[in-house]
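Enquirer: My questions will all concern the structure given below.
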Amino acid sequence: MHDTVTGELNWLLNDFAQRVTSVRQAVILSRDGLAVAASGDLGREDAEHLSALASGLQSLARGAGRHFAGGNVRQSIIEMDALLLFVSAAGDGTCLAVLAEAEADAGLVAYEMAVLIKRAGRHMQASPRFGTQVGGERLGMS
5 MHDTVTGELN
15 WLLNDFAQRV
25 TSVRQAVILS
35 RDGLAVAASG
45 DLGREDAEHL
55 SALASGLQSL
65 ARGAGRHFAG
75 GNVRQSIIEM
85 DALLLFVSAA
95 GDGTCLAVLA
105 EAEADAGLVA
115 YEMAVLIKRA
125 GRHMQASPRF
135 GTQVGGERLG
145 MS
């Protein structure tokens, strides 16, 4: 993606994380697990790690949907002691992953994610790439 688009996505993620009080971090990722954009408080290594985890989770969910005739995956939610992890399909080849506090209103977070996906829709198309800037740092191959 172009730096301008990545900058806009980073801005949207920062706004989302600040507006939705229970949200800690958010990342937009390509289907193959590359971080496209991240909220500012998520460092490069954590953005890459969250992207890889979210990609794997979406892949498993898609496999379950295919095998058991469940259809397309809309959202996956993992409930942990201290966090909730949300992963939603966001566009052609992209996902949105969000970490929120365990006490978060899951319905509200999911709704706000859908609003964010609509706001950023035209930018949420990804194919495998290198050299993407996330959270102020350049990701990928140099």
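Per the working numbering, numbering of the sequence shown is gapless, rising by one per residue and ending at 146.
Ideal Cβ positions, reconstructed from N, Cα and C, are used throughout, including at glycine.
Ordered along the chain, which non-local residues of its own chain (more than five positions away) have a Cβ less than 6 Å from that of Asn14?
Expert: Ala41
Enquirer: Do Gly97 and Ser55 come within 8 Å of each other at the CB atom, strictly closer than that value?
Expert: no
Enquirer: Mapping DSSP to helix, strand and coil, what is Val9?
Expert: helix
Enquirer: According to DSSP, is Ala118 part of a helix, a strand, or is it coil?
Expert: Residue state, collapsed to three classes: helix.
Enquirer: Does the beta-carbon of Leu4 have 16 or more other beta-carbons within 10 angstroms, so that it is buried, or is it exposed?
Expert: An answer regarding residue 4 cannot be provided, because it is not within the stretch 5 to 146 covered by the chain.
Enquirer: Measure the Cβ-Cβ separation of Val113 and Ala106 and say whether it is below 8 Å.
Expert: no
Enquirer: Would you list the residues sitting across from Val31 in a DSSP beta bridge?
Expert: Ala42 and Ala101
Enquirer: Using only the alpha-carbon positions, how far apart do Ala51 and Leu57 sit?
Expert: 10 Å
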